[in-house]
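Only one structure is covered here, and it is reproduced in the block below.
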Amino acid sequence: MSSSSSQPATAAAATGDGSAAPPVPAPTSSLARDLNLRRDDDDDDDDDDGAPPATIPRLIYGTAWKKDDTAELVYQALRAGFRGVDTAAQPKHYREDLVGQGIRRAIAEGIVSRADLYIQTKFTPESGQDPSDMPYDPSAPPEEQVEASLRSSLANFTFPPSGPDGGQQQQQQQQQPYIDCLVLHSPLRTPQATQAVWSALSAHVPHRVRRLGISNASAADLAALLDVADAAAGLVVPPPAVLQNRFYRDTRWDVPARALCRRRGLVYQSFWTLSGNPRLLKLPCTTGLASRAGVGPEVALYALVLGLGGTSVLDGTRSHMREDLAGVEAVGRWAEEVAPGEWKGFLDAFREYIHEAP
């Protein structure tokens, strides 16, 4: 999930003549550029050969708790320049169907194509669902639960062909619905139950689902999944490519889990980055970076978390989309071109506060 306010959806920024502002340009700094996702030996789909590595944006638009505003906010986020979207097949907290509507509108207007986007959704176990509104039958076996949930997600993320006319067969192949990353929303009550669902998720990789992830998991939970994948030699059970967790004091800011992610090449996705860390927003390293780089403390905190390495951040803003995207790039450019020594000092101080060795 991602933090968000209760403000209503707002219109996109406009230029002086009233037209919509163009999206924030693609980032060039190492802090803001997309991260490469691991490519496992089991990714044997034909279009992988010679293709550039799959990537994940540093800022991913979070859609939890946005209710009826979801479609408009997703559309505005894509128009502002976001290219990653996080959601879940969990009607209790997400409107996955409206996420698809927002994306569909952006594609229809030529703002993005499906290939431009990183779309991430989740399979949510029964414990996280509203019993009166679930995308699967909780009494069914894990394989059938996953199949039903994924089928509903793929229906929400089926888009019409985009691009010039011609090459109809190729366009149809390109427009077959797929999920860039399907995340297990939380471990289940026992390791055996978690592994059973993970095995069911794995059956859909790498075609309908490109990669898998895990959320709300400890370092021990993650290590157990990696051990299962290692035992399978990556042929049947792919390892997680993403760990999505709350980044806050109660979990020691996930220092052990993030270290494991770095060792094994996973991307760590931080959520609750702002709402769970009021103290971090007031640290001298955060306020100092904000002042020196010319950004707000919220953007400065995002930049410090991204600076920890191998990290993406879920950003659920309703009204600061362009500011967040442009601000992280501004910090990255400042860190590389103006004051690399100062940036290192701020980042070292941040690491010291969260008890992470440099």
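My numbering puts the sequence shown at residues 19 to 376. Even glycine gets a Cβ: it sits at the ideal position worked out from N, Cα and C.
Exposed unless 16 or more other CB atoms sit within 10 angstroms - verdict on residue i
| i | result |
| --- | --- |
| K84 | buried |
| G345 | buried |
| G312 | exposed |
| R281 | exposed |
| E127 | exposed |
| V15 | Beyond the ends of the chain as shown, which are 19 and 376, falls residue 15; an answer cannot be given. |
| E370 | exposed |
| D62 | Because D62 sits at a pLDDT of 43, beneath the cut-off of 50, its placement in the model cannot be relied upon, and the point is left open. |
| E2 | The first residue shown for the chain is 19 and the last is 376, placing residue 2 beyond what the model contains. |
| S309 | exposed |
| T88 | buried |
| P178 | exposed |
| N295 | buried |
| S150 | exposed |
| H203 | buried |
| A133 | exposed |
| V356 | exposed |
| Q194 | exposed |
| K300 | exposed |
| N263 | buried |
Euclidean distance between Cα positions of residue i and residue j
| i | j | result |
| --- | --- | --- |
| I78 | D333 | 6 Å |
| R76 | A107 | 23 Å |
| P358 | P160 | 50 Å |
| P257 | R228 | 12 Å |
| F368 | Q210 | 38 Å |
| A69 | L135 | For A69, the pLDDT reaches just 48, beneath the cut-off of 50, and the residue's location in the model is therefore unreliable, although a value from the coordinates is still provided. Distance between the alpha carbons of A69 and L135 is about 16 Å. |
| A166 | H222 | 12 Å |
| T329 | P315 | 19 Å |
| G146 | S233 | 12 Å |
| H225 | V201 | 15 Å |
| P45 | T291 | 21 Å |
| Y154 | V323 | 36 Å |
| P109 | R169 | 15 Å |
| L172 | E162 | 15 Å |
| G363 | T105 | 35 Å |
| A218 | G231 | 13 Å |
| S48 | S157 | 47 Å |
| A242 | I125 | 39 Å |
| Q191 | W352 | Its pLDDT being 49, under 50, Q191 is placed unreliably by the model, and the measurement read from it follows with that caveat. Roughly 42 Å between the two C-alpha positions. |
| D215 | A235 | It is Val, not Asp, that sits at residue 215 in the sequence shown. Between V215 and A235, the C-alpha separation is close to 15 Å. |
| F100 | M339 | 8 Å |
| D60 | A249 | Legend: pLDDT at D60 = 41, less than 50; position of this residue unreliable, value from coordinates given subsequently. Approximately 14 Å, taken between the alpha carbons. |
| P40 | R97 | 7 Å |
| A29 | A95 | Unreliable placement is indicated for A29, whose pLDDT of 42 sits below 50; the coordinate value is still reported in the next sentence. Using only the alpha carbons, I get a separation of about 10 Å. |
Range covered by the beta strand (DSSP E) that runs through residue i
| i | result |
| --- | --- |
| I137 | Y136 to F141 |
| Q287 | V285 to F289 |
| R270 | Premise fails: R270 is in no beta strand (DSSP E) and is neither H nor E. |
| D333 | T329 to D333 |
Under the three-state DSSP convention, the category residue i falls into
| i | result |
| --- | --- |
| L49 | coil |
| V346 | helix |
| L365 | helix |
| Q262 | strand |
| L324 | helix |
| L307 | helix |
| I125 | helix |
| D148 | strand |
| A318 | helix |
| L206 | coil |
| V254 | coil |
| K110 | coil |
| Y371 | helix |
| A357 | coil |
| D115 | helix |
| K84 | coil |
| L91 | helix |
| A39 | coil |
| L292 | coil |
| G312 | coil |
| P302 | helix |
| P179 | coil |
| A44 | coil |
| P274 | helix |
Endpoints, the alpha helix (DSSP H) within which residue i is located
| i | result |
| --- | --- |
| N174 | P160 to N174 |
| D239 | A237 to A249 |
| S217 | P209 to S220 |
| L299 | P296 to L299 |
Residues sharing a beta bridge with residue i, DSSP
| i | result |
| --- | --- |
| C199 | Q138 and R229 |
| L96 | Bridge partners of L96: none, in fact. |
| Q194 | Per DSSP, none; premise fails for Q194. |
| Y79 | V103 and D333 |
| I74 | L53 |
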